[in-house]
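Engineer:
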Amino acid sequence: MPFTEPLSHRLPSPLSSHTTLSGTMPPPPVESNEASKEVDKLADRLQKTTVGDNSTGESIKIVVQNEEGVETSPTDAPQRPSSAEVLARVLESREYLNLTGKIHVEPQAIRTKHGGAADVYVGTIISSGKKVAVKRLRLNIGGSEKIAKDIAREIRVWSELYHPNILPILGYCIEGDYPSLISTWMLNGSLREYMTGLDKNRTIAMMSGIANGLSYIHSKGAIHSDLKSDNVLVSPDEEALLTDFGVSRMDALSAGFTTHSVKGSTRWQAVEFFEIFDDESPAPTHTKKTDVWAFGMTVYELLTHDVPYHNLKDNNQVVNYISRGKLPKQPAFASEVADRKIDEFMWSICEKCWSEVRSRPSMEDLQTDLLSFSSKL
Numbered sequence: 001m002p003f004t005e006p007l008s009h010r011l012p013s014p015l016s017s018h019t020t021l022s023g024t025m026p027p028p029p030v031e032s033n034e035a036s037k038e039v040d041k042l043a044d045r046l047q048k049t050t051v052g053d054n055s056t057g058e059s060i061k062i063v064v065q066n067e068e069g070v071e072t073s074p075t076d077a078p079q080r081p082s083s084a085e086v087l088a089r090v091l092e093s094r095e096y097l098n099l100t101g102k103i104h105v106e107p108q109a110i111r112t113k114h115g116g117a118a119d120v121y122v123g124t125i126i127s128s129g130k131k132v133a134v135k136r137l138r139l140n141i142g143g144s145e146k147i148a149k150d151i152a153r154e155i156r157v158w159s160e161l162y163h164p165n166i167l168p169i170l171g172y173c174i175e176g177d178y179p180s181l182i183s184t185w186m187l188n189g190s191l192r193e194y195m196t197g198l199d200k201n202r203t204i205a206m207m208s209g210i211a212n213g214l215s216y217i218h219s220k221g222a223i224h225s226d227l228k229s230d231n232v233l234v235s236p237d238e239e240a241l242l243t244d245f246g247v248s249r250m251d252a253l254s255a256g257f258t259t260h261s262v263k264g265s266t267r268w269q270a271v272e273f274f275e276i277f278d279d280e281s282p283a284p285t286h287t288k289k290t291d292v293w294a295f296g297m298t299v300y301e302l303l304t305h306d307v308p309y310h311n312l313k314d315n316n317q318v319v320n321y322i323s324r325g326k327l328p329k330q331p332a333f334a335s336e337v338a339d340r341k342i343d344e345f346m347w348s349i350c351e352k353c354w355s356e357v358r359s360r361p362s363m364e365d366l367q368t369d370l371l372s373f374s375s376k377l
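Take 1 as the starting number for the sequence shown in UniProt numbering and just add one per residue.
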């Protein structure tokens, strides 16, 4: 069914039911630079109020000022804009990204991926017939201006990234109070599904593509925050395409988690997220260094064709293991000389990525290592 209603005319969905891409069902549970400053600034301008002194017992005076600086009377004061309206106005300069009403999803479409933060459907751009991935976020923005601003921020950041190893965002849709991110459908799927068919040389090429994309993201002052093989798609030309920027951060924020709480892709998270600290200690946050750690875990996936700590099935075991400073064990290397050399190099990259924060390399450093090694193949 297409997304048909203009965003400005949508009303908050009733709590009892919610019309989704594939029918009617109860709403899912809420799980969850400069662009950031601009988002906050634009949202704040939507409504400014000041409250007068009430010490004399006189009525409190409400002053509402619009964007032109004209004060209005209390009876003329507009209601606080909905979160969906905040999202639309903040992204007004990116109106071309608003695909609400322009995407069609077949009624029989099934979810192709079930994740903690989003469900992915197959869709079509009505005007062109282009096949797209519709990533429906499990974030109800109806009750939170902050979540709307977070989403707007991530869309803006993603839309400004242009690189051969970054999956371009085509736009977004709003369905009720639930946003969806739209990108080109990749028939080859994720690297997690695709890696078993790669030979060693192609594996190094894929590894280099991920490093190049992540280094580019860091050069733009952005953080990925959820790098793993599931979030790397494979293009028709067998190039690595990074996707899902910031989705895990929004998922955690909308669910009321702080960075003191471990949430998301535990097996790929850096050890600093699991260190013991008191309530007055600064909370660990996603940084370029934690992205580097996750890159090492993604390389480990390419090396072993398995997830990190694959011998531990329970997530609590993984948390306990990492908090005690334990790392994935070195796998058996290939017996053939040339392949063994590649395996040893990949393991050396893993070890560098998992070093202490201060000695952990940058993605630029790792790009240099990969370029040097690839030139000798």
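Yeah, the Cβ is synthetic: ideal placement off N, Cα and C, and Gly gets one too. Because the structure is a prediction, the values reported are computed rather than measured.
Is the CB-CB distance between Ser-127 and Leu-370 below 7 angstroms?
Structural biologist: Their beta carbons are not under 7 angstroms apart, which means Ser-127 does not touch Leu-370 by this criterion.
Engineer: Answer with buried or exposed for residue 378, where buried requires no fewer than 16 other C-beta atoms within 10 angstroms of its C-beta.
Structural biologist: Shown here, the chain extends from 1 to 377; a query on residue 378 therefore has no answer.
Engineer: Could you please give me the residues that DSSP links to Cys-173 through a beta bridge?
Structural biologist: Beta-bridge pairing links Cys-173 to Ser-180.
Engineer: Which full runs of the beta strand (DSSP E) of 3+ residues lie inside the segment 183-250, going along the chain?
Structural biologist: For the segment 183-250, whole beta strand (DSSP E) runs of length 3 or above, ordered along the chain, are 232-234 and 240-242.
Engineer: With burial defined as no fewer than 16 other Cβ atoms inside 10 Å of the residue's Cβ, what is the status of Gln-317: buried or exposed?
Structural biologist: Gln-317 should be labelled exposed.
Engineer: Do Cys-353 and Phe-295 have their C-beta atoms within less than 7 angstroms of each other?
Structural biologist: In contact: Cys-353 and Phe-295 (Cβ atoms closer than 7 angstroms).
Engineer: Do you know how far the Cα of Gly-176 is from the Cα of Trp-185?
Structural biologist: Using only the alpha carbons, I get a separation of about 23 angstroms.
Engineer: Kindly give me the distance between the Cβ atoms of Ser-183 and Val-132, rounded to whole angstroms, as I take these residues to be in contact under 8 angstroms.
Structural biologist: About 7 angstroms separates the two Cβ atoms, so the contact holds.
Engineer: Thinking C-beta only, is Thr-298 closer than 7 angstroms to Leu-198?
Structural biologist: Not in contact: Leu-198 and Thr-298 (Cβ atoms no closer than 7 angstroms).
Engineer: Nearest CA to the CA of Arg-192: which residue from Asp-306, Glu-92 and Glu-275?
Structural biologist: Cα-wise, what sits closest to Arg-192 is Asp-306.
Engineer: Using CA coordinates, which residue listed in Tyr-309, Leu-233, Tyr-321 and Leu-241 is at the minimum distance from Glu-272?
Structural biologist: Ranking the options by Cα distance to Glu-272, first place goes to Tyr-321.
Engineer: Can you tell me where the alpha helix (DSSP H) with residue 394 in it begins and where it stops?
Structural biologist: Residue coverage of the chain in this structure runs from 1 to 377, which leaves residue 394 outside it and unanswerable.
Engineer: For Thr-285 versus Ala-270, is the C-beta spacing smaller than 7 angstroms?
Structural biologist: Not in contact: Thr-285 and Ala-270 (Cβ atoms no closer than 7 angstroms).
Engineer: From what residue to what residue does the alpha helix (DSSP H) around Val-134 run?
Structural biologist: It is not in any alpha helix (DSSP H) - Val-134 instead sits in the beta strand (DSSP E) that spans 131-137.
Engineer: Once the 5 residues before and after Ala-152 are set aside, which same chain residues still bring their CB inside 7 angstroms of it?
Structural biologist: Same-chain partners within the cutoff: Val-39, Leu-87, Val-90 and Leu-91.
Engineer: Ends of the alpha helix (DSSP H) at Gly-296?
Structural biologist: Run containing Gly-296: 288-304, per the alpha helix (DSSP H) assignment.
Engineer: On a CA-only basis, which of Thr-304, Arg-202, Ser-281 and Leu-161 is nearest Asp-244? Give me that one, please.
Structural biologist: Asp-244 has its Cα closest to that of Leu-161, out of Thr-304, Arg-202, Ser-281 and Leu-161.
Engineer: Drop a sphere of 10 angstroms on the beta-carbon of Asp-119, count the other beta-carbons inside from all chains shown, and report buried for 16 or more, exposed for fewer.
Structural biologist: By the neighbour-count rule (16 or more Cβ atoms within 10 Å), Asp-119 is buried.
Engineer: DSSP three-state call for Asn-98: helix, strand or coil?
Structural biologist: Reduced to three states, the DSSP call for Asn-98 is strand.
Engineer: Quick one: Cα of residue 378 to Cα of Ile-155, how far?
Structural biologist: What is shown of the chain runs 1 to 377, which leaves residue 378 out entirely.
Engineer: Under the DSSP definition of a beta bridge, which residues are partnered with Ile-166?
Structural biologist: Paired residue(s): Leu-242.
Engineer: Taking Gly-189 as the reference, give the member of Lys-313, Ser-229 and Asn-165 with the closest Cα.
Structural biologist: Comparing Cα-Cα distances from Gly-189 to each of Lys-313, Ser-229 and Asn-165, the minimum goes to Ser-229.
Engineer: Span of the alpha helix (DSSP H) holding Gln-367?
Structural biologist: Note, Gln-367: alpha helix (DSSP H), 363-374.
Engineer: Where do the ends of the alpha helix (DSSP H) carrying Ala-332 lie?
Structural biologist: Looking at the DSSP string, Ala-332 is not in any alpha helix (DSSP H), and its letter there is neither H nor E.
Engineer: State the Cα-Cα distance for the pair Asp-365 and Ser-359, rounded to the nearest angstrom.
Structural biologist: Those two C-alpha atoms are separated by around 12 angstroms.
Engineer: Within the same chain, show all residues whose beta-carbon is closer than 7 angstroms to that of Trp-158, passing over the 5 residues directly before and after it, in chain order.
Structural biologist: Excluding positions up to five away in sequence, the list reads Ile-169 and Phe-245.
Engineer: Kindly indicate which three-state DSSP category Lys-313 falls into: helix, strand or coil?
Structural biologist: Coil, per DSSP.
Engineer: Among the candidates Ser-335, Asn-311 and Phe-333, whose CA atom is the shortest distance from the CA of Lys-326?
Structural biologist: Selected option, being the one with the closest Cα: Asn-311.
Engineer: Whose C-alpha, out of Gly-171, Leu-137, Ile-166 and Pro-164, is nearest the C-alpha of His-93?
Structural biologist: The amino acid occupying residue 93 in the given sequence is Ser; His does not appear at that position. Nearest of Gly-171, Leu-137, Ile-166 and Pro-164 to Ser-93, Cα basis: Gly-171.
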